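Protein chains in written order, with the UniProt record's numbering: chain A, 1 to 399; chain B, 1 to 399. Ideal Cβ placement from N, Cα and C applies to all residues, glycine included. The model shown is predicted, which means the values in this text are computed figures rather than measured ones. Following: one structure in structure tokens, then a few remarks.
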């Protein structure tokens, strides 16, 4: 195990009292051992809490664990950490994962879902805890590969980024792509979000629109003097209930769209005819549509309604690109011998950011996306071990 | 003007420091002159702020103004004040009004709508300010009659009560009826809420029901795994939009019902298929229905929908009762020579509380209900003067 750089203790608060006070007991310095396998490393990563916006301790530990490896160039940017080999290989791939988790859950007995809890053994057991599947298992695979592959057959850029679980503006991958473009020049990208070790191609786009219906207030005892905006919104809900979403094949994968109300609000007081009702609608669209097509479609669905329609946010889809040679080779390596085929990624992921750079990418990682964000989140450690092995077989020099 | 009892200064707080402290400067004691007419008295009442829950200063002033009159028995209960004659007349009538107002409004330049502002003269002008129409003008008429009618032709009970503008449980009329039943034994009641000096018979009932639609959460990228509760609510909105409210004649007056969504809420997050949507519906019903009929009707309207229906609150209607001899005589007295006829009261008012006691009642008072609760609330002082004159002609001994 390479020696670790000491981690700096907590900086004193600027408003600390000037007179001498007893030194605060420093937090035990978390150290990460990158040589004992991805399963144990997953547990160590889970045990360093890193709720979105609070990733510093984990970024410190990862930076400290990577710095000693002479084959890696390490860059710290905010609480993101990047590392890369520069061996002059013909191709470069990006392995990316986010450090943050959703908030720690506390059950009715007061028990928190951190630190992690091992059931069974490190090879075949289950690890429970916040961030196990989403996505400290994937980050553990990245770290094991970064430490263990001094001479990968392709140059590799490892990206560990912040604030994926919160508003898109805070996601540091967007910032890093803008401010460190040279770190993102690559031929292929793997985002290690949980996919049960099945390659998921591309991702669907997402667009939210707000429909606002307006009317006129009146006292509800004289309702004929008003114009009920909530009643008007019923027409939009009916169109949504009757909507038939597309199932469409794009580059060999089947995508499934969806158009849904995700929020509705209206009403002034219990005795007032409401003058406004707004419906927030989320459209998930297949990668054969761009954002302009998606907006056009949503406007068609609601055409003729007495409503204002505003797009509140939107993110493009990513085409799967599995027909490209590098992607096909990757699928061959990581899914060889499995009784499963690549599938479409339905959720939006940061793969779309790579697609926006012209870097084709896939989602592939250990863990179950269906357990993400749940209080009883867990990960199958067998998946973690196998993911690391397969990625190594793809990138590693024949040993 | 009868001498006024001194008003007690503020009681020291129980947790006041025990050591001697300088006496707080007492607030200037508001005094009410009940002999200079209802118009000037309206202004004096408006100038004593009495937002719901904060009626003490006004109740103090009214109590102090009434106590000196030997023909009145005065009762203070909380911040409500009651007064009555006991001349052994064959009939007793109640004149009731609330002391509280909605909150003081402040316009964009920082100007408050208290104190009152006179435009024109005291006989024909307009008085602006919070509570002018709703309902310090009506309270002024009550006070002028209470002071001026030492020997009314019927015994009269004057009720000045608190917290009419807030939740029904805080309305002190309900408490007083329960705890002081002997003060409410009467043959007829007039509630002096603003009605533009037109007798409004009875009142419509009001019932609120909450419809809750349930579904199943899922990530909106895989919406087919969920069940969208907001979409289900569309069926209820459609029934509301298509609903044809009744117009029905009851005891000679036309009532107009209404069934309206007054609130809707649903949604978990922008990427989640919502598992719950609730619609709050307000039914305003004519006095030919009781509350059980009203609930039965609402349940019929929504029959067959996949929703839970809960009645959240309800208040009965009051039949107009204008065919009863005492009411007919009242209408004859106060509307003689007017080119107008009594109308139905659409809003729910405390008249229904008197109806619940078996005391028929009407709404009749100066001021415009359409201006109530508005920042630019005002009252036509001519109406105030005429209301006092007509009520006096009804109750007064021939002078």
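| request: For residue 85/B, name the three-state secondary structure that DSSP assigns. | output: Under the three-state reduction of DSSP, residue 85/B is assigned to coil, being neither helix nor strand.
| field | Interface partners of residue 204/A on chain B, CB under 7 Å | value | Neighbours of residue 204/A across chain B, judged by C-beta separation under 7 Å: 221.
| Grouping DSSP H, G and I as helix and E and B as strand, with all else coil, what is residue 33/B? | DSSP, reduced to helix, strand and coil, places residue 33/B outside both helices and strands of the structure shown, so it counts as coil.
| said: 8 Å is my cut-off, CB to CB: does residue 261/A come that close to chain B? | reply: True, the Cβ-Cβ gap to chain B drops below 8 Å.
| message | Using C-beta distances below 7 Å, list every residue in its chain close to residue 135/A, excluding the 5 sequence neighbours before and after it, in chain order. | response | Closer than 7 Å at Cβ, skipping near neighbours: 97, 98, 192, 193, 194, 365, 367.
| Same chain, Cβ closer than 6 Å to residue 75/A, five either side skipped, listed in chain order | Here the set comprises 82.
| request: Check residue 330/B in the structure and name its three-state DSSP category. | output: Looking at residue 330/B - three-state DSSP - the assignment turns out to be helix.
| query | Given residue 312/A, which residues of its chain have a CB within under 7 Å of its CB, disregarding the five upstream and five downstream residues? | reply | Taken in chain order, the residues that qualify are 208, 209, 210.
| request: Would you decide whether residue 243/B is buried or exposed? Buried here means 16 or more other CB atoms lie within 10 Å of its CB. | output: Around the beta carbon of residue 243/B, fewer than 16 other beta carbons sit within 10 angstroms, so the residue counts as exposed.
| For the UniProt domain "Peptidase M20 dimerisation" (204 to 303) of chain B, which segments carrying the beta strand (DSSP E) assignment without a break, of at least 3 residues, lie completely within its bounds, in sequence order? | Listed in chain order, they are 205 to 214, 247 to 250, 253 to 256, 258 to 267, 276 to 285.
| Collapsed DSSP secondary structure at residue 188/B in the structure displayed | Three-state result, residue 188/B: strand.
| said: For residue 361/B, count the other beta carbons within 10 Å of its own beta carbon; 16 or more makes it buried, fewer makes it exposed. Which is it? | reply: By the 10 Å Cβ count, residue 361/B comes out buried.
| task | Could you check which residue in 69/B, 330/B, 376/B, 212/B has the C-alpha nearest to that of residue 150/B? | result | Cα-wise, what sits closest to residue 150/B is 69/B.
| message | Tell me the residue span of the alpha helix (DSSP H) that contains residue 148/B. | response | Going by DSSP, residue 148/B is part of the alpha helix (DSSP H) stretching over 137 to 148.
| said: With H, G and I counted as helix, E and B as strand and the rest as coil, what does DSSP make of residue 160/A? | reply: Note: residue 160/A maps to strand in three-state DSSP.
| task | Please name the residue in 284/B, 232/B, 237/B, 288/B whose C-alpha comes closest to that of residue 273/B. | result | Of the residues 284/B, 232/B, 237/B, 288/B, the one whose Cα lies closest to the Cα of residue 273/B is 232/B.
| request: Pull up the distance between the alpha-carbon of residue 248/A and that of residue 352/A, whole angstroms please. | output: Approximately 19 Å between the Cα atoms of the pair.
| query | Taking DSSP as the reference, what is the three-state secondary structure of residue 349/A? | reply | Correct three-state label for residue 349/A: coil.
| From residue 320/A to residue 187/A, what does the alpha carbon distance come to, in whole angstroms? | The C-alpha of residue 187/A is placed about 14 Å away from the C-alpha of residue 320/A.
| request: Ignore the nearest five residues each way along the sequence and tell me which others in residue 88/B's own chain have a CB closer than 8 Å to its CB. | output: Once the five neighbours on either side are set aside, the close Cβ partners of residue 88/B are 155.
| Whole-angstrom C-beta distance between residue 123/A and residue 379/A, which should lie under 8 Å | At roughly 13 Å, the Cβ-Cβ gap does not stay under 8 Å, so residue 379/A and residue 123/A are not in contact.
| Going by beta carbon distance, what residues of the same chain come within less than 8 Å of residue 183/A, once the five residues before and after it are set aside? | 75, 82, 84, 157, 159, 176.
| message | Which same chain residues end up closer than 7 Å to residue 288/A when comparing Cβ atoms and leaving out the 5 residues on each side of it in sequence? | response | 248, 250, listed in sequence order.
| task | Could you tell me whether any Cβ in chain A is nearer than 8 Å to the Cβ of residue 346/B? | result | Taking Cβ atoms only, chain A reaches closer than 8 Å to residue 346/B, which makes this a yes.
| said: Tell me the rounded alpha-carbon separation between residue 305/A and residue 264/B. | reply: Those two C-alpha atoms are separated by around 19 Å.
| said: Between 217/A, 388/A, 375/A, which has its C-alpha nearest residue 196/A's C-alpha? | reply: That would be 388/A, whose Cα lies nearest to the Cα of residue 196/A.
| Interface partners of residue 394/A on chain B, CB under 8 Å | Neighbours of residue 394/A on chain B: none; closest Cβ ~27 Å, over 8 Å.
| field | residue 200/B in three-state terms, based on DSSP | value | Note: residue 200/B maps to strand in three-state DSSP.
| CB contact flag (residue 214/A, residue 257/A, <8 Å) | No, these two residues do not count as a Cβ contact at 8 Å.
| said: Counting C-beta neighbours from all protein chains within 10 Å, is the total for residue 226/B 16 or more, i.e. buried, or is it exposed? | reply: Buried: at least 16 other Cβ atoms inside 10 Å.
| query | Can you find a C-beta in chain B that's less than 8 Å from the C-beta of residue 397/A? | reply | For residue 397/A, not one C-beta of chain B is nearer than 8 Å to its own C-beta.
| field | Residues bridged to residue 73/B (per DSSP) | value | According to DSSP, which records beta bridges pairwise, residue 73/B is partnered with 84/B.
| task | State yes or no: is the beta carbon of residue 156/B nearer than 8 Å to at least one beta carbon in chain A? | result | Nearest CB-CB separation between residue 156/B and chain A: not below the 8 Å threshold.
| said: Along the chain, where does the alpha helix (DSSP H) containing residue 60/A start, and where does it finish? | reply: From DSSP, the alpha helix (DSSP H) with residue 60/A extends over 56 to 66.
| request: Name, in chain order, the residues that DSSP records as bridge partners for residue 124/A. | output: Answer is none; residue 124/A lacks a bridge partner.
| query | Secondary structure at residue 132/A, three-state DSSP: helix, strand or coil? | reply | Under the three-state reduction of DSSP, residue 132/A is assigned to helix.
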